[in-house]
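Respectively, the protein sequence lines represent chains A and B.
As numbered in my numbering, residues 39 to 557 make up the first sequence, in order.
As numbered in my numbering, residues 39 to 557 make up the second sequence, in order.
Even for Gly, the Cβ is constructed at its ideal location relative to N, Cα and C.
These figures come from a predicted structure and were not determined experimentally.
There are 2 protein chains.
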Amino acid sequence: MRGTSILGQAVARNPRGIATICGDRQRLWAEVGERVPRAAAGLRKLGIADGATVAVLSMNSDRYLELFFAIPWAGGAFAPLNVRWSAKENAFALRDCNATVLCVDDAFLTQVPDLQRDAPGVGALVYLGDGKTPDGMIAYEDLISDNAAMEDSGRCDDDLWAIFYTGGTTGMPKGVAMSHRALGYGSMSYLAMLPTIEDLKFLYIGGYFHFSGASAVFYITIVGGTHVILPKFEPVPVMEAISTHGVTNMVLVPTMITMLLNHPDFTRYDLSSLRTCIYGGSPMPEALMEQAAKLLPKWEFYQIYGMTETCGFATMLRWRDHVFSGPTASRIRSCGQPAPGVEVQIVSPDGTTLPPGKLGEIAMRSDYLMSGYLNRSDETAEVLRGGWMYSGDAGYLDEDGFLFVADRVKDMIVTGGENVFSIEVERALFQHPAVLEAAVIGIPSDEWGEAVHAVVVRRPGTNATAQSLIDHCRDLIAGYKCPKSVEFREDPLPVTPVGKVRKNVLRDPYWENRARKIG
Amino acid sequence: MRGTSILGQAVARNPRGIATICGDRQRLWAEVGERVPRAAAGLRKLGIADGATVAVLSMNSDRYLELFFAIPWAGGAFAPLNVRWSAKENAFALRDCNATVLCVDDAFLTQVPDLQRDAPGVGALVYLGDGKTPDGMIAYEDLISDNAAMEDSGRCDDDLWAIFYTGGTTGMPKGVAMSHRALGYGSMSYLAMLPTIEDLKFLYIGGYFHFSGASAVFYITIVGGTHVILPKFEPVPVMEAISTHGVTNMVLVPTMITMLLNHPDFTRYDLSSLRTCIYGGSPMPEALMEQAAKLLPKWEFYQIYGMTETCGFATMLRWRDHVFSGPTASRIRSCGQPAPGVEVQIVSPDGTTLPPGKLGEIAMRSDYLMSGYLNRSDETAEVLRGGWMYSGDAGYLDEDGFLFVADRVKDMIVTGGENVFSIEVERALFQHPAVLEAAVIGIPSDEWGEAVHAVVVRRPGTNATAQSLIDHCRDLIAGYKCPKSVEFREDPLPVTPVGKVRKNVLRDPYWENRARKIG
Chain A
39 MRGTSILGQA
49 VARNPRGIAT
59 ICGDRQRLWA
69 EVGERVPRAA
79 AGLRKLGIAD
89 GATVAVLSMN
99 SDRYLELFFA
109 IPWAGGAFAP
119 LNVRWSAKEN
129 AFALRDCNAT
139 VLCVDDAFLT
149 QVPDLQRDAP
159 GVGALVYLGD
169 GKTPDGMIAY
179 EDLISDNAAM
189 EDSGRCDDDL
199 WAIFYTGGTT
209 GMPKGVAMSH
219 RALGYGSMSY
229 LAMLPTIEDL
239 KFLYIGGYFH
249 FSGASAVFYI
259 TIVGGTHVIL
269 PKFEPVPVME
279 AISTHGVTNM
289 VLVPTMITML
299 LNHPDFTRYD
309 LSSLRTCIYG
319 GSPMPEALME
329 QAAKLLPKWE
339 FYQIYGMTET
349 CGFATMLRWR
359 DHVFSGPTAS
369 RIRSCGQPAP
379 GVEVQIVSPD
389 GTTLPPGKLG
399 EIAMRSDYLM
409 SGYLNRSDET
419 AEVLRGGWMY
429 SGDAGYLDED
439 GFLFVADRVK
449 DMIVTGGENV
459 FSIEVERALF
469 QHPAVLEAAV
479 IGIPSDEWGE
489 AVHAVVVRRP
499 GTNATAQSLI
509 DHCRDLIAGY
519 KCPKSVEFRE
529 DPLPVTPVGK
539 VRKNVLRDPY
549 WENRARKIG
Chain B
39 MRGTSILGQA
49 VARNPRGIAT
59 ICGDRQRLWA
69 EVGERVPRAA
79 AGLRKLGIAD
89 GATVAVLSMN
99 SDRYLELFFA
109 IPWAGGAFAP
119 LNVRWSAKEN
129 AFALRDCNAT
139 VLCVDDAFLT
149 QVPDLQRDAP
159 GVGALVYLGD
169 GKTPDGMIAY
179 EDLISDNAAM
189 EDSGRCDDDL
199 WAIFYTGGTT
209 GMPKGVAMSH
219 RALGYGSMSY
229 LAMLPTIEDL
239 KFLYIGGYFH
249 FSGASAVFYI
259 TIVGGTHVIL
269 PKFEPVPVME
279 AISTHGVTNM
289 VLVPTMITML
299 LNHPDFTRYD
309 LSSLRTCIYG
319 GSPMPEALME
329 QAAKLLPKWE
339 FYQIYGMTET
349 CGFATMLRWR
359 DHVFSGPTAS
369 RIRSCGQPAP
379 GVEVQIVSPD
389 GTTLPPGKLG
399 EIAMRSDYLM
409 SGYLNRSDET
419 AEVLRGGWMY
429 SGDAGYLDED
439 GFLFVADRVK
449 DMIVTGGENV
459 FSIEVERALF
469 QHPAVLEAAV
479 IGIPSDEWGE
489 AVHAVVVRRP
499 GTNATAQSLI
509 DHCRDLIAGY
519 KCPKSVEFRE
529 DPLPVTPVGK
539 VRKNVLRDPY
549 WENRARKIG
């Protein structure tokens, strides 16, 4: 598997089709097929030898997307950097992956001096913007116009294609090393899931530095689809892009769907071209799912569960399993069944494989696992064991192979000797009509060790009390699982770039000067 | 990629679903998941060590299907033998692949003495039938009942999984060696093509010894679908099986579709459960395609083109490209675009890659090519060059990447210095209402070198003359391409097991004691 063959397939299949739409700029696949080997030649002149690393710090753009292919074409490995990170964190990543070339757009020019100081291995800077090329940098477009196409480097199979950095907000960044084979086969698994591979138009709103934002770069390209690129998620531009370009496929997180459905201009846009909406990052509350199915009747939802280390994909809850009544209604609370090519098992702390219904750690095996964490053989050996990736997530499988993710192990609350998975409490809260957002955390309690605590944002116009929410939960879940206290907020809860509630931010103030036993 | 993980995925995804339907016998995936590791243990006791070969000579059955997984589970390689071959040809294959165990059903017991004499390396015989186990053989069901499950051998990736023999009717058989990785990834490519991977029920009518018959064993199992197994193609049992079991997927060749549509009982069966009908082996005449689309409106047709050496799959003409008017109508005459994961190029005799529109040899590259021909490094080196599989087929690509297979190179007719591709002439003939079957061959001509000659079966009740057919062609194609002579037959044309017209049988009588320049 040569990663660059993915681009070749798009050019062969759909040369006259639109490859990228970015602002006012559109390019055909035939053009992208011409530009990439020239950009690669330009990178090569900047000293990229086989196996060297090129980093990118940029908002999503068509040029950024081309680099996913130009860098391996030139023989290099690709490190997209996190746009939310500080210069200090990004400098760490640049040193960690030994990057010798850094590509930046206008949004990150201010970080450049710090990055140059702290990552002196970076010898060349490529400018991805449209303005005047800053001193000391070379324009990406000049790489293309000044160089003839080079032959593909031929890197493939186990060669390193990309390094995705994770964990920056809660610890030292780790570089997840993905091979040509892993990214190629992971993409085939995504395509197997999709109901059609014809005329796909994918709208990006997640950053390419995160796997959930980047995965479609590969699988949409294989089938010669169109990449519609927005720099970030904002409801109006997203709705405009869907209706203007006839977008067919997207990846969202549930909080974004809420923002679309509740937006005052929601009804002004025709969003009916969209067919496949993949969501993940956090479970979908049932009430929201029902509202979405009603207001967006043509959208088919697919939940996916995975992590960067598993190519972002391991299980899928297919559209037909999004049902709210009947004998299979419980499946809506799962994250579905293993994707084609993936095996999932639940493992006890002593390493035993557990039968259906038993809670343990979720482990996944496929041909698209990471090669390992870059330069971190100890941490790699901790999670990659016997060909399985150990997720750190707790969960169980039902009799039909549906995976229920209990919650992050570290997010489990131990109260009065009982384990409470916050997700179960959150699901109960979301069934209350006044609850717009909810996060459940453990806070210190002299009586219980930890106490179940809920942080809630109420829907505008409602004013349910803490006691009414606790009573509501008591009807649905065991007493020891119900919140002991409820805290109301006016602003949206803090979320990560992929839309997960940042529970550490909610939890940390309670735990100052105390040690939690878990996590 | 471990081949046995394919079975594991079916068991995990659909343990309570029906795995196999064979005659009156049905088994669930959970059962098959229990049986295979026991059968593997039984094979191991028969002396199968890692890398040893087990051959099967049998009509399709549920037991045969289990062997696709039990043999690699035991560490072995699998050689399914051609049910049309003589004992002499099969003995050659047994020696060639060094088989030490042979599994046979009742249909082939009579070949056993000859095979034992001519392939003395076969040390153990397994009986796949339901009758009394013949002396000197061990019953397959006893392998299962007498042995506890063994651990999976763990064979994977480049390890040999299966050897498919080709070419027996026209030359010495060649064993096409397929690795675990090739069969695994080829299957992912099939799944990417399918519009859905849910609740698939596949009806087999092609023998498992041929890749077109076996390919679904792998990809239907990955998604936990149901295998409905018939021993061979006969219109009534096929129509009965579709309506009884709600079959959703099939592979047919065009001659079989003709036989279904023209069968007097066609209208008695409800065939509307079928969604995806893959056809291949030979192009579909336009008139037949139109008739099928009218009489079977729920069936979606996918043409595939490939060869055993490319995992049976390389390009696909999707349903949406089966159109008969408008600017893309020409595509119906192609075999579609490269499948996901496949690159196709057209190569001139001097090795140059040719641009769209230019005729040359079709070469294919993917991660699911054969490892090579078993024990035939010279023949392997002839066709597998620089990572590409050279097909021996002539064809061209259009501007949108659609592949037009001109015909087998050896089937090209050189007449008066002009090259005529018989398929083009056949297509013209098929547009005549009286033509039921047609094959065009080159016969010796003192004037032209070769002359274009048509062999035609007329529809019942019609009696078009040779001259009227020639005149009809003259309206459609260049004069030098039109048949110089037409021969009418009453019986169906001779076809290979996969439904291709055996042109050598038609051609050879004309060429006795003469050498053709081509082929």
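Pro471 of chain A classed as buried or exposed, judged by whether at least 16 other C-beta atoms fall within 10 angstroms: Pro471 of chain A counts as exposed, since fewer than 16 other C-beta atoms from the protein chains shown sit within 10 angstroms of its C-beta.
Residues bridged to Asn287 of chain B [DSSP beta-bridge criterion]: Its beta-bridge partners are B:Phe240 and B:Thr314.
Interface partners of Asp405 of chain A on chain B, CB under 7 Å: Result: Met39.
C-alpha distance - Glu381 of chain A paired with Met231 of chain A, whole-angstrom precision: Just so you know, the alpha carbons of Glu381 of chain A and Met231 of chain A end up roughly 15 Å apart.
Contacting residues, own chain, Cβ-Cβ under 6 Å from Arg133 of chain A (five flanking each side not counted): Result list for Arg133 of chain A: Ala157, in chain order.
Residue-level contact to chain B via CB, Gln375 of chain A, 9 Å cutoff: Interface with chain B (9 Å Cβ-Cβ cutoff): Gln375 of chain A is included.
Of the listed residues B:Ser191, B:Val139 and B:Ala186, nearest to Ile176 of chain B (C-alpha basis): Selected option, being the one with the closest Cα: B:Val139.
Validate contact between the region 236–255 of chain A and the region 418–432 of chain A using beta carbons, cut 8 Å, 3 pairs: Verdict: no, contact absent.
Within-9 Å CB hit, Met50 of chain B to chain A: Before going further, note that residue 50 of chain B is Ala rather than Met in the sequence given. With 9 Å as the cut-off, Ala50 of chain B counts as an interface residue toward chain A.
Inter-residue CB distance, Leu288 of chain A and Phe247 of chain A (contact presumed, cutoff 8 Å): Rather than Leu, the amino acid found at residue 288 of chain A in this sequence is Met. With 8 Å as the limit, Met288 of chain A and Phe247 of chain A do not qualify as a contact, their Cβ atoms being about 18 Å apart.
Chain-ordered neighbours of Tyr428 of chain A on chain B, where CB pairs are closer than 8 Å: Simply none; closest approach about 18 Å.
Helix, strand or coil at His301 of chain B [DSSP, three-state]: Correct three-state label for His301 of chain B: coil.
Secondary structure of Ile556 of chain A, DSSP reduced to three states: Any reading at Ile556 of chain A needs caution, since the residue's pLDDT is 38, under 50, leaving its predicted position unreliable; the model's value is listed next. In the structure shown, Ile556 of chain A sits in coil (DSSP, three-state: anything other than H, G, I, E or B).
Against chain B: residues of the region 326–358 of chain A by CB proximity under 7 Å: Within the region 326–358 of chain A, those residues whose Cβ lies closer than 7 Å to any Cβ of chain B are, in chain order, Arg356 and Arg358.
Of the listed residues A:Ala331, A:Asp190 and A:Ala352, nearest to Gly46 of chain A (C-alpha basis): Considering only alpha carbons, the answer is A:Asp190.
Same chain only: Cβ atoms within 6 Å of Ala145 of chain A, ignoring 5 sequence neighbours per side: Taking C-beta separations shorter than 6 Å and ignoring five residues to either side along the sequence, the partners of Ala145 of chain A in its chain run Met97, following chain order.
Segment limits, beta strand (DSSP E) that includes Tyr340 of chain A: Where Tyr340 of chain A is concerned, the enclosing beta strand (DSSP E) stretches over Glu338 to Tyr343.
Per-residue burial, Gln341 of chain A [other beta carbons within 10 Å of its own, 16 or more giving buried]: By the C-beta density criterion, Gln341 of chain A is buried, having at least 16 other C-beta atoms within 10 angstroms.
Segment limits, alpha helix (DSSP H) that includes Arg545 of chain B: Start and end: Lys541 to Trp549.
CB contact below 9 Å: Ser43 of chain B versus chain A: Yes, Ser43 of chain B counts as interfacial toward chain A.
First through last residue of the beta strand (DSSP E) which encompasses Leu147 of chain B: Boundaries for Leu147 of chain B: no beta strand (DSSP E) harbours it, and the DSSP string shows neither H nor E there.
Spatial distance of Thr503 of chain B from Lys541 of chain B (CA atoms): Distance between the alpha carbons of Thr503 of chain B and Lys541 of chain B is about 22 Å.
Range of the contiguous beta strand (DSSP E) that encloses Gln469 of chain A: That residue, Gln469 of chain A, is in no beta strand (DSSP E); it is neither H nor E in DSSP.
Beta strand (DSSP E) segments (min. 3 residues) lying fully within the region 149–197 of chain A: 162–165, all fully within the region 149–197 of chain A.
is_contact[Met288 of chain B, chain A] using C-beta, thresh 9 Å: At a cut-off of 9 Å, the C-beta of Met288 of chain B has no neighbouring C-beta in chain A.
Alpha-carbon to alpha-carbon, Ala401 of chain A and Ala90 of chain A: If you draw a straight line from the Cα of Ala90 of chain A to the Cα of Ala401 of chain A, it is about 32 Å long.
With 16 other Cβ atoms within 10 Å as the buried cut-off, status of Asn128 of chain B: Buried, since its Cβ has 16 or more Cβ neighbours within 10 Å.
Euclidean distance between Cα positions of Thr353 of chain A and Pro292 of chain A: So the alpha carbons of these two residues sit roughly 17 Å apart.
Which of helix, strand or coil DSSP assigns to Val473 of chain B: Of the three classes helix, strand and coil, the one that applies to Val473 of chain B here is strand, per DSSP.
Any chain A beta carbon closer than 9 Å to Tyr223 of chain B: For Tyr223 of chain B, a Cβ of chain A is located within less than 9 Å of the residue's own Cβ.
Rounded C-alpha distance that separates Asn185 of chain B from Leu81 of chain B: Leu81 of chain B has its alpha-carbon roughly 10 Å from the corresponding atom of Asn185 of chain B.
9 Å Cβ cutoff met for Met188 of chain B and Arg76 of chain B: Yes, they are a contact pair.
Met188 of chain A at chain B interface by Cβ criterion, 9 Å: No - not a single Cβ of chain B is within 9 Å of the one on Met188 of chain A.
C-alpha gap between Gly263 of chain B and Thr282 of chain B, whole angstroms: Roughly 16 Å between the two C-alpha positions.
Contact check, Tyr223 of chain B vs Lys212 of chain B, beta carbons under 9 Å: In this structure, the beta-carbon distance from Tyr223 of chain B to Lys212 of chain B does not fall below 9 Å.
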